[in-house]
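See below for the structure under consideration.
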Amino acid sequence: MNHFPFDPTLWLLVIPAASALFLAFLRDWRLAARINVLACFLSFCLSLSLLAVPRAEPGRYLMVDDLNIVFLVLNAFVGFTTSLFSAGYIQHEVEIGRLTPRLLRFYHAMYQFLLFGMTLALLANNIGVLWASVETATLTTVLMVGIYRTAEAIEASWKYMMLSSVAIALALFGTTLTYVAARQTVGEGAEAMRWSSLFTHAATLDPPLLSLAFLFVLLGYGTKVGLFPLHAWLPDAHAEGPTPISAVLSGLLLNVALYSVIRFKMLLAGNPHVLSPGPILITMGLATVLFAAFMLYRRRDIKRLFGYSSIEHMGIITFAFGLGNPLANFAGLLHMALHSLTKSGIFFMVGHISQAKGSQKIADIRGLTESHPFLGWGLLAGTLAIIGMPPFGIFLSEFLIVSSGFSRHPWIILLFLLGLLVAFSGLVLRVSGMAFGKPTGRQEPIHVIPLPFLIHILAVVTAGIFLPHAVVGWFRQTAQLLR
Amino acid sequence: MTLVIALGCSAALLLLGIASLAMRSFSGRSTLVYAGTFAVSLISLASSLAQLLFLSGVTPAVTLPVGLPWLGAHFRMDALSSLFLAILSWGGVSTSLFALGYGRHEPEPGRILPFFPLFLTGMSWVILADDAYVFLFAWELMSVTSWALVVSHHREEANLQAGHLYLIMAVFGGFTLLLAFGLLANSAGSYAFSAMRSAAFPSWTAGIVLLLATIGAGSKAGLFPLHVWLPQAHPAAPSHVSALMSGVMTKVAVYGFVRIVFDLLRPHSWESSLLLLFLGGVTAVLGVLYALMQHDLKRLLAYHTVENIGIIFIGLGLALAFATNQIPWAAALSLTAALFHTINHSLFKSLLFLGSGAVLAATGERDMGKMGGLIHRMPGTTIAFLLGSVAISALPPLNGFASEWLTFQAILVSPNLPQWALKFLIVAVGALLALSAALAAACFVKAFGMSFLGRPRSLHAAEAKETDRWSLSALFLNALLCLLAGLFPGSVVNALGPVVQELVGQTMPQQSQPFWTPMVPIAQHRSSYDAFLLFILIVLTGLAVTGLVRWIGFRPIRRSAAWDCGYPDPSPVTQYTTASFAQPIRRVYASSVFGARETVDMPLPGEARPARVTVKIHDPAWQGLYAPIIKLVWFLADRLNPMQFLTIRRYLLLGFLLLVFLLLLLSLWI
Amino acid sequence: MDLIQSSLIQAVQMILVLVLAPGLTGLVRKVKACLLGRQGPPIVQPYRDLLRLFRKSPVLAPNASWLFRIAPYLIFAFTWLATALVPTFCLGLPFGPWADLIAIIALIGSARFFLALSALDVGTSFGGIGASREVMIASLAEPAMLLVVFTLALVAGSTELSTITAFVLSPSVGLRVSMALSFAALLLIALAENSRLPIDNPATHLELTMVHEAMILEHSGRHLALLELAASLKLLLYFSLIGTIFLPWGLATPGASFSSYLAGGLFYLLKLATAGVTLGIFETTLAKMRLFRVPDFLGAALMLGLLATLLRFVSSSL
Amino acid sequence: MNSFYFDVAHLLSGSLVLASLMLLYQDRVYALLHVFTLHALVLSLSVAWQAFAQDAPHLYITAAIALVFKAILIPVALRRIVAQLRIHQILETVGGIGPTMLAGISLVALSLVVTLRTTPAGDRFSREDLAFALAVILLGMLMIVTRRNAISQVIGFMSLENGLMLAAAGAKGMPLVVEISVAFAVLIAFIVIGIFLFRIRERFDTVDILVVDRFRGERR
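Protein chains in written order, with the UniProt record's numbering: chain A, 1 to 483; chain B, 1 to 670; chain C, 1 to 318; chain D, 1 to 220.
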């Protein structure tokens with residue numbers, strides 16, 4: 001393992017961990033918010049440097065390869081923008097007294113710790129480490145969701161905790177099985193848990209055991225992805241936690257969980273004798289899309305509404321990877337990136353809206369484009385983006401998924417489109433009700449930080465109109481990797 | 001070159017739209033935006049006409065490094081594109097000219113100005129696109145921007161509902177087109193249209209693609225039963241936007257259909273034409289019947305769009321039938337008729353919608369039951385609207401008749417078709433077409449008579465003011481074009497030559513100049529029509545008779561109370577209203593088609609309350625198709641909703657069951 | 001020479017129809033009167049009426065617009081032009097190629113359009129009644145008429161009247177069932193279009209029954225004269241249409257001798273006379289039907305037309 | 001690795017499955033706690049045996065954790081909770097003991113089928129272990145989903161997790177086992193404290209039912 005002036009991967013972990021430790025003891029929450037932003041910015045720069053620095057060999061516990069690098073950058077980026085948003089958000093929360101400085105100390109520390117967990121999960125070169133870090137991140141969010149201490153919040157985080165701890169167990173069993181499957185060919189010890197070596201020996205792993213392992217992994221991590229019927233924690237966690245956390249949940253944690261599933265799928269793809277994960281993924285994805293689509297109609301809470309929309313999109317991505325043709329894989333990866341950008345952007349808007357209206361009940365929100373033009377049009381733009389309207393990038397990914405899949409699985413694609421249409425209708429129904437009409441409720445303007453949202457939406461628009469060749473190249477070879 | 005100019009124009013419109021966002025505070029931005037749109041559309045009109053008339057030999061194509069990665073954005077401007085771009089640009093010119101005056105009445109211009117140019121941009125990209133991604137991208141862009149315009153008057157709940165329905169239908173159509181392109185691209189191996197053109201498709205693919213294209217384009221154009229959104233959405237928008245949507249956007253949908261079916265697909269099986277002919281005929285008749293039942297002027301016009309789309313699709317169906325039977329000259333005739341009607345409809349429908357906008361601005365009324373007598377208050381608007389009504393009623397010597405006449409001629413060559421099904425169906429369709437033409441005349445007697453003639457039915461109508469000169473000039477420009485296209489159909493047919501040539505490989509016989517010689521679609525002895533000389537003769541006769549009367553002995557006109565069989569009625573309320581005018585036709589047709597029911601509430605002698613007639617009309621498409629779907633969706637939503645409220649144990653149970661199920665699968669699989 | 005001759009013929013035809021039209025109306029009235037045992041007005045009575053009306057000064061309602069005033073001229077022009085395009089006593093009219101049968105029907109349609117509008121202009125309830133009923137009837141009559149045209153066009157392979165007539169004259173054509181059917185349809189349509197019994201009674205002013213009369217109720221003086229003249233021209237048009245399509249015998253062919261033209265003219269007068277008498281007899285024998293039985297009446301015409309068109313295929317396939 | 005080692009391991013893990021079935025059979029709180037103590041004891045024994053057999057000393061730590069934490073601390077804590085919250089002695093089950101037992105047995109069968117047929121090539125040692133571990137896990141889940149009572153659900157979860165430990169210990173040479181066992185100890189502590197903090201009476205469902213009535217996030 002040859003040496004470089006400095007190893008960004010390590011620092012990527014050190015910075016959030018250290019700042020988490022530091023913030024845990026910092027009393028002044030204003031300063032804490034600033035430091036939080038600063039730390040996120042630093043890790044963002046580091047993640048960018050990953051692209052520049054020539055890539056190291058996979059280490060014993062950490063590695064950087066084609067698949068995770070973009071998620072690392074995305075992770076750091078969204079983490080950064082969200083920290084910007086959260087700085088403004090918590091200020092308002094403190095002013096109205098929903099959060100106390102003591103809680104904020106906890107909040108900021110946990111925020112960094114969460115980022116640490118997710119970064120570790122992405123960097124991990126060891127399925128054990130992956131498991132541990134994903135669970136860490138999950139439990140952190142469990143604590144964050146309950147931060148408001150309201151009955152709803154506690155109930156939501158309790159539900160989250162119970163479901164995810166069972167999922168943790170399943171994921172661990174899957175991990176163990178994978179180890180056992182690999183042990184004979186790869187050899188005992190950490191070697192048999194290392195992605196790099198697992199992939200090189202993928203073809204020789206014990207097929208039936210690997211299939212069994214995949215089932216458990218799918219259920220374990222699938223719970224965190226929010227696949228139907230394991231989704232139950234997701235909407236409440238989104239609805240009851242602080243909005244920055246909802247943004248991070250939808251934007252990053254779901255991606256991280258999905259990333260782990262994809263890793264294991266790649267492992268299966270490398271082995272000709274295992275059961276093919278495609279049909280299972282297609283079925284679960286389809287079920288998820290259809291279910292979430294219909295759940296959108298009866299929603300009364302704006303954040304829960306978009307929580308369900310996240311579920312729907314996770315379904316879409318799973319579906320795409322299930323289809324498994326190169327175009328669909330490409331589209332799936334693209335969709336992951338764009339969804340996390342768009343959805344977190346939407347949550348920025350939603351956070352401000354619920355603060356401006358003093359409520360996150362859809363019924364209390366009306367005529368935003370008139371009372372708060374930026375928020376209203378922003379919400380509208382985000383919604384149009386998330387339902388795959390041009391000029392936003394998600395249009396591209398859905399275009400590719402559908403058009404590439406139709407000739408091979410016509411009926412499945414028809415069902416899929418049905419789900420998309422129903423979801424579309426439900427979302428537009430609710431959002432146009434909020435954005436238009438005669439304004440009701442509070443109408444005095446509030447202090448908004450437009451920058452994070454604008455960056456996100458701009459990035460999404462660019463993706464729809466013009467994908468840089470570097471990105472395309474990366475996505476394509478990763479799609480090849482996925483097969 | 002022309003393509004570059006056209007793209008430049010679309011880009012300029014794009015910038016204009018974005019710029020209007022920047023100038024939130026600037027007071028004159030409305031004028032600026034519309035003037036800019038006017039100028040840019042004029043340029044793109046010039047370029048497209050130049051391409052169509054003079055440069056039809058060469059088809060410029062451009063590939064930009066944007067759009068679908070590894071493919072790029074392909075743009076191409078063949079005769080078909082340039083024709084529709086010309087239609088679009090003319091729409092842009094006239095509507096923006098109209099809006100220069102009309103825009104002042106807009107309460108919230110900020111909700112319209114950014115989207116108006118963008119809407120035009122989207123449509124022009126649809127027309128210029130040469131690969132599937134750009135096409136669909138522009139298609140959806142068109143939908144979104146027009147949706148934003150539909151909900152621009154967002155305080156009315158009805159507009160929001162109309163917009164919601166519209167957006168869903170638009171996306172539905174977009175999805176079907178997406179599937180169609182998916183199939184095409186799968187067979188052709190690329191999303192580029194050039195590859196699809198050269199590819200050969202298996203017959204089942206062709207059939208499905210054609211079906212999908214019909215649904216997709218039809219839902220945008222307003223084919224029955226996919227039309228339901230149209231009469232709600234078009235009137236909801238500001239009138240110049242309604243004009244664009246009805247006059248131009250539906251044509252863009254027609255373009256999409258023609259592009260996919262006649263250019264990319266080129267099907268070989270005649271069965272598909274059955275569907276088109278049937279849908280076209282039904283749409284034409286039902287559209288006009290719906291229109292006859294309306295009281296709202298703009299909604300009436302919108303339903304009339306449905307009718308005309310039906311007529312256009314009849315022409316397309318004929319063209320398909322002939323083309324698939326290798327009778328290219330007849331196919332050329334039908335296609336020419338369809339395209340000619342497309343042009344005509346875009347002209348007079350824009351004219352009529354703009355006219356309704358002028359009336360709306362002057363009276364604040366859309367309900368014809370509150371208009372009347374406007375001929376005295378708004379003479380200019382009246383003349384233009386009258387010309388438009390004559391044109392859309394397919395009466396000589398205006399343009400509507402010319403294209404319908406050509407369609408009839410195409411129908412009359414159906415005996416050359418080998419298939420019996422087609423022979424019979426086409427005759428039936430011809431009857432439907434004739435019926436719709438007659439009903440259209442009735443409908444516009446109603447529309448014009450109720451709103452412009454008679455005595456004012458409301459104070460607003462009585463105090464209406466003539467519109468500003470911008471709007472009037474837009475109206476008269478369209479009216480003039482209607483007249484010219486009607487008087488010299490031969491020239492239009494010649495201009496359509498290259499388009500038809502590249503689509504069905506043959507053109508109608510070259511119409512001989514000079515312009516006063518009759519239009520001969522097939523052969524002199526078979527049929528011919530000369531609008532110009534008829535027009536001249538009518539004028540001359542009129543003058544001659546006037547002269548004759550003076551010679552016999554001229555007496556000045558006297559004014560006195562109306563005779564009315566000796567019962568001159570004091571109040572304008574006793575005039576015929578829209579409902580009463582439509583009553584005979586309603587009793588004849590609608591009672592069966594729409595299940596129209598009249599209930600008369602006649603007070604006993606001595607009672608003070610007024611007598612009233614209430615008419616209930618059911619929309620078969622809505623009742624039969626949409627209402628059940630909506631009910632089903634909400635039913636499922638309600639059934640699934642409890643999933644939000646389960647206990648943790650139940651959620652875990654679900655996961656557990658899934659696990660056991662998967663394990664069972666595995667144990668079976670091993 | 002040829003041009004001069006043909007244009008001369010055209011001029012003669014136009015004058016002829018104009019001159020004959022009121023006479024035809026007078027004839028019908030006379031026949032009906034005689035059959036009812038009255039003496040009835042002389043056949044020339046319509047001419048006198050027209051002349052008087054032309055001399056009278058029109059009285060307009062206060063709110064009558066310019067449309068109301070120019071409509072009569074337009075209507076007359078459309079009708080006269082349409083009539084001038086139908087061969088009466090000879091074929092090969094120079095105006096022939098200007099408008100085929102479809103266009104002629106459309107010209108009549110234009111006339112009707114403006115008539116209905118002018119009826120609505122003053123804003124009286126009778127005008128409304130007339131206009132709404134007229135368009136309802138037309139909405140049934142026009143398709144039926146077009147179906148008849150389809151049949152003819154499919155039989156003769158043309159919508160050009162002169163071609164159709166030439167075809168019917170040609171020995172090749174035998175008795176065609178579809179022709180018979182469309183003949184029957186055309187008769188029904190003619191009755192409806194000219195607002196004769198049993199559809200409408202030209203002689204009545206009973207509010208509930210009148211259609212055409214209700215529309216021209218507000219017109220007076222020269223306007224009324226023009227409308228009356230247009231009405232009788234329309235009647236003439238339908239008669240000569242029937243004559244030239246279904247009984248084309250005696251029609252002079254272009255470039256024929258003067259005598260044959262004369263013969264053609266005489267034949268034409270004969271046809272008109274018979275038609276007029278038949279119509280008179282017909283009208284005296286039956287009563288007016290309720291307005292909402294008109295659809296059945298015209299529906300029959302429509303069915304006949306459709307049947308004729310379909311049968312045409314069968315017969316051709318046999 | 002001679003067969004004696006294997007037989008003992010086999011015996012121990014088999015008895016763990018038996019213990020799980022016994023857990024399913026219980027309908028009294030304290031009896032349940034006793035049986036769970038047994039369960040944990042068996043686990044720690046078998047982990048220790050594995051440590052001895054594979055001579056992997058770190059596994060002794062895991063065994064110790066199992067012994068101290070699960071067999072002693074947790075049961076004590078739970079007893080106190082039961083006492084403090086005055087939870088009923090009778091456990092309510094969904095759909096009776098009998099059907100549950102049947103389901104449990106069929107689950108054991110399923111897990112045997114899956115695992116034994118999955119690993120024809122794998123060495124007997126881990127194969128048997130996996131089969132039993134899977135059985136224990138499934139039984140644990142079954143217990144969670146068929147018991148309304150908070151305590152029994154926690155115990156179900158812990159038995160599930162014992163199964164994981166069994167598998168991990170059985171997977172020869174698997175790293176991080178200790179860390180994982182620690183992590184789980186923490187997690188369970190969380191849950192137990194959670195139960196204690198939120199004063200959850202009687203059954204988990206009560207939380208939810210309260211919540212359905214007042215605050216299940218979104219009102220119906």
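Cβ atoms here follow ideal geometry from the backbone N, Cα and C, with glycine treated the same way.
Could you tell me whether any Cβ in chain A is nearer than 7 Å to the Cβ of residue i?
{"i": "Ala-169(D)", "result": "no"}
Can you tell me the Cα-Cα spacing of residue i and residue j, whole angstroms?
{"i": "Phe-4(D)", "j": "Pro-57(D)", "result": "20 Å"}
{"i": "Ala-252(C)", "j": "Gly-128(C)", "result": "45 Å"}
{"i": "Thr-383(A)", "j": "Met-63(A)", "result": "36 Å"}
{"i": "Gly-157(C)", "j": "Gln-409(B)", "result": "11 Å"}
{"i": "Ala-184(C)", "j": "Ser-203(B)", "result": "46 Å"}
{"i": "Leu-659(B)", "j": "Pro-242(A)", "result": "32 Å"}
{"i": "Arg-133(C)", "j": "Leu-435(B)", "result": "16 Å"}
{"i": "Leu-130(B)", "j": "Asn-255(A)", "result": "Going by the sequence as given, residue 130(B) is Asp instead of Leu. Cα to Cα, Asp-130(B) sits roughly 36 Å from Asn-255(A)."}
Please tell me whether residue i has its Cβ less than 7 Å away from any Cβ of chain C.
{"i": "Trp-70(B)", "result": "no"}
{"i": "Trp-563(B)", "result": "yes"}
Checking contacts by CB at 7 Å: is residue i closer than that to chain B?
{"i": "Arg-298(A)", "result": "yes"}
{"i": "Val-114(D)", "result": "yes"}
{"i": "Ile-137(D)", "result": "no"}
{"i": "Leu-67(D)", "result": "no"}
{"i": "Tyr-73(C)", "result": "yes"}
Below 7 Å between beta carbons: does that hold for residue i and residue j?
{"i": "Met-165(D)", "j": "Ser-181(D)", "result": "yes"}
{"i": "Leu-41(D)", "j": "Ala-71(D)", "result": "yes"}
{"i": "Phe-98(B)", "j": "Leu-149(B)", "result": "no"}
Could you give the first and the last residue of the continuous alpha helix (DSSP H) run that contains residue i?
{"i": "Trp-112(C)", "result": "Correcting the residue identity first, residue 112(C) is Arg in this sequence and not Trp. That run of the alpha helix (DSSP H) goes 101-121."}
Let me see if you follow: with CB-CB separation under 7 Å, is residue i close to chain D or not?
{"i": "Phe-340(B)", "result": "no"}
{"i": "Arg-649(B)", "result": "yes"}
So the beta strand (DSSP E) residue i belongs to, where does it begin and stop?
{"i": "Ala-253(B)", "result": "Element bounds for Ala-253(B): not the beta strand (DSSP E) but the alpha helix (DSSP H), 250-258."}
{"i": "Phe-224(B)", "result": "Looking at the DSSP string, Phe-224(B) is not in any beta strand (DSSP E), and its letter there is neither H nor E."}
### Query
Going along the chain, which residues of the segment 397-422 of chain B sit with their C-beta nearer than 9 Å to a C-beta in chain A?
Shown here is that no member of the segment 397-422 of chain B has a Cβ falling below 9 Å from a Cβ of chain A.
### Message
Against chain B, which members of the segment 17-34 of chain D pass a CB distance test of less than 7 Å?
### Response
From the segment 17-34 of chain D, no residue has a Cβ closer than 7 Å to chain B.
### Query
Going along the segment 141-154 of chain D in order, which residues come within less than 9 Å of chain B, judged by CB to CB distance?
Against chain B - using a Cβ distance shorter than 9 Å - the residues of the segment 141-154 of chain D are Met-141, Leu-142, Ile-144, Val-145, Thr-146, Arg-147, Arg-148, Gln-153.
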